[in-house]
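Colleague: Protein chains in written order, with the numbering used here: chain R, -2 to 386; chain U, 83 to 433. Here a beta-carbon is modelled for each residue, glycine too, at the ideal position from N, C-alpha and C. Every value quoted in this text rests on a predicted model; they were computed, and no experiment measured them. The structure under discussion is supplied below as structure tokens; questions concerning it will follow.
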Amino acid sequence: MSSCGTSRFLGNRNVVKAVHRLAIHRPSHRSRSVAKRWNGRSRQSIVILSMAFVLVAMFLLSLAVSSVWVPLNQVLAILTGTDSGQSAAHTVINEVRLPRSLTAILAGAALGIAGLQMQTLFRNPLADPYALGIASGASLGVALVLLTSGAIVSGVFASSLGLAGDAAVTAASIAGAALAITVVLALSNRVENPATVLILGLMFGYSAQAFVTVLVAGTDPDKLQRWVAWGFGSFSGVNWPRMTIFAPLVLVGLALSAVTTKQLNALLLGENYASSMGLNVRRMRLLTMAGASVLGGVATAFCGPIAFLGIAIPHMCRGLLGTSDHRALVPGTILMGGIVALTAQIVSLIPSLLPGNSGVFPLNAVTSLIGAPVVVIVLLRNRRGAFTA
Amino acid sequence: MSVAVQTLDLAVGYKSRNSHSVVLDELNLSARAGEMVCLLGTNGTGKSTLLRTLARIQPALSGSVTIDGTDVRQLSQMELARRVGIVLTERATVGALTARRIVELGRYPYWDWSGRMTQADHDVVDWAIESVGAGHLASRDSMSLSDGERQRFMIARALAQEPSILLLDEPTAFLDVPSRVELMGLLRRLARDEQLAIVVSTHDLELALRMADTLWLAAGNKLTAGIPEDLILAGNVAEAFQTESIRFHPEERTFSLVTDTRRYAVVRGDGLNAVLAAAVLEREGFQIGTHTTDALTLAVERGSTSWELTTGRTHHSGTGFATLAELARTLITAQPHGDETNSPRADNLRN
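Laid out in structure tokens, this is it:
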């Protein structure tokens, strides 16, 4: 009972309340509610731990599986540095598969968190970077730099301008994403219906795509082919030098979501309630928008416009964790984002594993095949989701 | 009792780029700790605007709002959240979140950066949930609760902020009648027990007249404050709500539809059956009176639903309110073309 004697209760206006409160507290009641709280939390801890295990397993698997199979013990030896360092497997894993798998984990986490932030901010279960035009805005930014710079396009997405070119593409992509989210959010303040906001996002997306189409129409076939390849989506475009831009930006965005879980929770009740409980809604909205723009923009710049991960991952986490509480959802979404992206990456390699090695499935097709059913399920059991329109 | 919230020459309304639209002005109001204030007024009289201004969701056009002796403009958002709790009309439906967790969100203004619940936080949450009498529902998913139960948790959440004033904007709007009465009773008890100043806007006029310590009655651009009985006596309540078709009855503190027929009925008999029989006739358009000259007479046997209705020289009798209602309906509609002997004028001529 001594814990009731906090400094707040010492103030005059709270003395009456404090006395009353002490009177109704019975130890039996307290211990019961503590037990109940612990049960809910422990289930979430177990799920999150399991997710971490699965993520590690998928990570190792993604390093082992490709057109050339590398045994898991050799993968571990290469990762821990006990391998001689001369084998072909060593080079393949270090230079191709390791950056690709790390990119998948980071991009999956980035898109998942951006989706989670959008869903909470717009209080809309169908919000995600794609639906709200962030991906289209980012594409526009990328197209402006890639298709008009005159630089020779090499690799999957970037120009031969080197890191400076990559940085320019990334900046343009983030700016495009930020433009999209600003326009949609400004308009969304004028409409009540969440469905209308999504339609606004789609309309912005179409407009951005129209600009991209105009840019693409005037470009030469070689650039055009690269552009189309970028549109398929891929985690293979990030080599180690590019990782020095990609990873820090994603990590900053993820860190922002991790330190704003209590603000995101307050927003679950809507902006008016959040504000009445002490949240500076305006600042939080700007911060979240900036964070989601960076996450969505960076992922789009480096991996192409990857569909459905942003919307599907938060819902998978809500289902598994059984809560809308961001203290569990944020870590869960980061882990789940990595798991789903790695799965999609491995699935996209299936054609290359078959006899005759017929290349890979476009990543975007794989993520859509995973994500679309999730969206359908969300629509069908909307009443049990986080937000019901 | 100390004054929890006070306004000084407050004007509320909406500011657009080059014009002010004042909804209510010259507001000098106060609510004391332990007092339940009901804010009444027809739609568009500015109830929500006033509550939003008191909660600093929107700025005052002029004048000031003082809470616990401090001007709200000088409070930080966190300080304000520790003094004012609000419950809104909007249904804040959040799935996959326990009702208890929603109440825990009310501890927001006391959390450190990580949002970790301390033991003291848990104690306050336990207290808040007990205060609204919803301890047995706390572990349920908030989506599985009824509207009334969910509204209780929204109130508990506001209580968890440990405010000195609670502002509620039509909290009973979606609720069924028993839940409305319960909720108003709960608010009244909270005001007393927790020494809270509670301001609640509602359309539940008759309930408010019975339960409020103080009424704030918004009509036109003005707001009249006082205890319900004073405002009834001064005619303020009738003035604020009475229209050509609605009449306020001060004695019963109820409203009724004004009927334009001049048919009168006298009901003889006592007990509940007689009262209900009168209600049947009233609904069908008769005015219930005591004089007999031009009225039909209804006699109801005590303790049964057998009745006997006399109009002019015609007698009808029957059992049950349904048959009575049917007869009353034919008498009312038949009147314009009906036999002259039933009309008041014919009665008068004959006498």
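(1) In three-state DSSP terms, what is residue 381 of chain U?
(2) Helix, strand or coil: which one does DSSP assign to residue 192 of chain U?
(3) Counting only beta-carbon separations shorter than 7 Å, does residue 360 of chain U have a partner in chain R?
(4) Going by Cα to Cα distance, which pick from R:202, R:231, R:327 and R:219 is closest to residue 357 of chain R?
(5) What does DSSP give as the partner residue(s) for residue 391 of chain U in the beta ladder?
(6) Can you list the residues of chain U that residue 48 of chain R reaches, using a CB-CB cut of under 7 Å?
(7) Taking 7 Å as the threshold (C-beta atoms), are residue 280 of chain U and residue 315 of chain U in contact?
(8) Compute the distance between the beta-carbons of residue 254 of chain U and residue 272 of chain U, then report whether it is under 7 Å.
(9) With which residues is residue 85 of chain U paired in a DSSP beta bridge?
(10) Going by C-alpha distance, which of R:186, R:177 and R:144 is nearest residue 211 of chain R?
(11) Check residue 330 of chain U in the structure and name its three-state DSSP category.
(12) Please list the residues of the region 141 to 165 of chain U that have a C-beta atom closer than 8 Å to any C-beta atom in chain R, keeping them in chain order.
(13) Within the 7 Å Cβ cut-off, does residue 176 of chain U reach chain R?
(14) Using DSSP with H/G/I as helix, E/B as strand and the rest coil, what is residue 131 of chain R?
(15) By how many angstroms is the C-alpha of residue 96 of chain R removed from the C-alpha of residue 240 of chain R?
(16) Kindly say whether residue 38 of chain R, judged by its beta-carbon, lies nearer than 7 Å to any beta-carbon of chain U.
(17) Where does residue 351 of chain U fall in DSSP's three states?
(18) Examine chain R for any beta-carbon lying closer than 7 Å to the beta-carbon of residue 405 of chain U, and answer yes or no.
(19) Less than 7 Å between C-beta atoms, sequence neighbours within five positions excluded: which residues of the same chain meet that for residue 76 of chain R?
(20) Quick check on this structure: which residue in U:275, U:176, U:336 and U:376 has the alpha carbon closest to the alpha carbon of residue 226 of chain U?
(21) Tell me, to the nearest whole angstrom, how far the beta carbon of residue 246 of chain U is from that of residue 150 of chain U; I am working on the premise that it is less than 8 Å.
(22) How about residue 112 of chain R: is its C-beta nearer than 7 Å to some C-beta of chain U?
(23) Would you mind reading off the limits of the beta strand (DSSP E) that contains residue 337 of chain U?
(24) For the beta strand (DSSP E) that contains residue 283 of chain U, what are its first and last residues?
(25) By Cβ distance below 6 Å, which residues in the same chain neighbour residue 18 of chain R in space, the five residues on each side in sequence not counted?
(26) Strictly below 7 Å CB to CB, what residues from chain U border residue 320 of chain R?
(27) How do the region 241 to 248 of chain R and the region 206 to 215 of chain U stand: do at least 3 beta-carbon pairs fall below 8 Å, yes or no?
(28) Under a Cβ-count criterion, where at least 16 other Cβ atoms within 10 Å of its own Cβ denotes burial, should residue 368 of chain U be classed as buried or exposed?
(29) Going by DSSP, name the residue or residues bridged to residue 144 of chain U.
(30) Beta-carbon separation of residue 521 of chain U and residue 319 of chain R under 7 Å?
(31) May I ask which residues mark the beginning and end of the alpha helix (DSSP H) holding residue 224 of chain R?
(32) Are any of the Cβ atoms in chain R nearer than 7 Å to that of residue 170 of chain U?
(33) State yes or no: is the C-beta of residue 353 of chain U within less than 7 Å of the C-beta of residue 395 of chain U?
(34) Enumerate in chain order the residues of its own chain whose CB-to-CB distance from residue 27 of chain R is below 7 Å, with the five nearest sequence positions on each side excluded.
(35) Give me, in chain order, the residues of the same chain whose beta-carbon lies closer than 6 Å to that of residue 182 of chain U; leave out the 5 immediate sequence neighbours on both sides.
(36) Under the three-state reduction of DSSP, which class applies to residue 285 of chain R: helix, strand or coil?
Modeller: Taking the definition as stated:
(1) Working through the second sequence from its first residue, we reach residue 381 of chain U at position 299. In the structure shown, residue 381 of chain U sits in a strand (DSSP, three-state: E or B).
(2) For the purposes of this step, residue 192 of chain U is identified with residue 110 of the second sequence, where counting begins at 1. In the structure shown, residue 192 of chain U sits in a helix (DSSP, three-state: H, G or I).
(3) Numbered from 1 along the second sequence, position 278 holds the residue referred to as residue 360 of chain U. It does not: the Cβ of residue 360 of chain U has no partner Cβ on chain R nearer than 7 Å.
(4) Walking along the first sequence from the start, residue 357 of chain R turns up at place 360. Residue R:231 is the option with its Cα nearest to residue 357 of chain R.
(5) If you number the second sequence from 1, residue 391 of chain U lands on position 309. According to DSSP, residue 391 of chain U bridges with U:380 and U:398.
(6) Locating residue 48 of chain R in the first sequence gives position 51, where the first residue counts as 1. Near residue 48 of chain R there are no residues of chain U at all, since even the closest Cβ is about 17 Å away, more than 7 Å.
(7) Position 233 of the second sequence, counted from the first residue, corresponds to residue 315 of chain U. Position 198 of the second sequence, counted from the first residue, corresponds to residue 280 of chain U. The answer is no: Cβ separation not under 7 Å.
(8) Your numbering for residue 254 of chain U matches position 172 in the second sequence. Your numbering for residue 272 of chain U matches position 190 in the second sequence. No, the pair does not count as a contact, with Cβ atoms beyond the cut-off.
(9) By one-based count along the second sequence, residue 85 of chain U stands at place 3. According to DSSP, residue 85 of chain U bridges with U:114.
(10) By 1-based counting over the first sequence, the position of residue 211 of chain R is 214. Looking at the Cα atoms, R:144 is the closest of the given residues.
(11) Translated into positions along the second sequence, residue 330 of chain U becomes position 248. Note: residue 330 of chain U maps to strand in three-state DSSP.
(12) 150, 159, 160, 162, 163 and 164
(13) Indexing the second sequence from 1 puts residue 176 of chain U at position 94. Yes, residue 176 of chain U lies at the interface with chain R (some Cβ there is under 7 Å from its Cβ).
(14) Here residue 131 of chain R refers to the residue found at position 134 of the first sequence. In the structure shown, residue 131 of chain R sits in a helix (DSSP, three-state: H, G or I).
(15) Within the first sequence, residue 240 of chain R is the residue found at index 243, counting from 1. Within the first sequence, residue 96 of chain R is the residue found at index 99, counting from 1. Approximately 8 Å between the Cα atoms of the pair.
(16) Looking up residue 38 of chain R in the first sequence gives position 41. By this cut-off, residue 38 of chain R is not an interface position.
(17) Translated into positions along the second sequence, residue 351 of chain U becomes position 269. Coil.
(18) As a first step, residue 405 of chain U is located in the second sequence; it is residue number 323 there, counting from the start. With 7 Å as the cut-off, residue 405 of chain U does not count as an interface residue toward chain R.
(19) Within the first sequence, numbered from 1, the residue matching residue 76 of chain R stands at position 79. Once the five neighbours on either side are set aside, residue 76 of chain R has no close Cβ partner at all.
(20) To locate residue 226 of chain U, count along the second sequence from 1; it is residue 144. Residue 226 of chain U has its Cα closest to that of U:176, out of U:275, U:176, U:336 and U:376.
(21) Counting from 1 along the second sequence, the entry for residue 246 of chain U is found at position 164. Counting from 1 along the second sequence, the entry for residue 150 of chain U is found at position 68. 6 Å between Cβ atoms; contact.
(22) Counting from 1 along the first sequence, the entry for residue 112 of chain R is found at position 115. Cβ-Cβ to chain U under 7 Å: no for residue 112 of chain R.
(23) On the second sequence, residue 337 of chain U is found 255 positions in, with the first residue counted as 1. Segment 336 to 339, the beta strand (DSSP E) holding residue 337 of chain U.
(24) Against the second sequence, residue 283 of chain U aligns to sequence position 201. Start and end: 279 to 283.
(25) On the first sequence, position 21 is the one that residue 18 of chain R refers to. Legend: pLDDT at residue 18 of chain R = 46, less than 50; position of this residue unreliable, no value from coordinates given.
(26) Translated into the one-based positions of the first sequence, residue 320 of chain R becomes position 323. The contacting residues are 178 and 179.
(27) no
(28) Here residue 368 of chain U corresponds to residue number 286 of the second sequence, with the count starting at 1. Looking at its Cβ environment, which holds 16 or more other Cβ atoms inside 10 Å, residue 368 of chain U is buried.
(29) Mapped onto the second sequence, residue 144 of chain U falls at position 62. Paired residues: U:93.
(30) Summary: the structure shown does not reach residue 521 of chain U, with chain U confined to residues 83 through 433, and so no result is reported for it.
(31) By 1-based counting over the first sequence, the position of residue 224 of chain R is 227. Element bounds for residue 224 of chain R: 218 to 229.
(32) Here the question's residue 170 of chain U lines up with position 88 in the second sequence. So, interface residue.
(33) Looking up residue 353 of chain U in the second sequence gives position 271. Looking up residue 395 of chain U in the second sequence gives position 313. No. Outside cutoff.
(34) Taking the first residue of the first sequence as 1, we reach residue 27 of chain R at position 30. In this prediction, residue 27 of chain R has a pLDDT of 45, which is less than 50 and means its spatial position is unreliable; what the coordinates show is noted afterwards. So the list is empty, once near-sequence residues are dropped.
(35) Reading the second sequence from its first residue, position 100 is the one you call residue 182 of chain U. Excluding residues within five positions, the ones whose Cβ falls inside 6 Å are 220.
(36) Here residue 285 of chain R is taken as the residue at index 288 of the first sequence, counted from 1. Reduced to three states, the DSSP call for residue 285 of chain R is helix.
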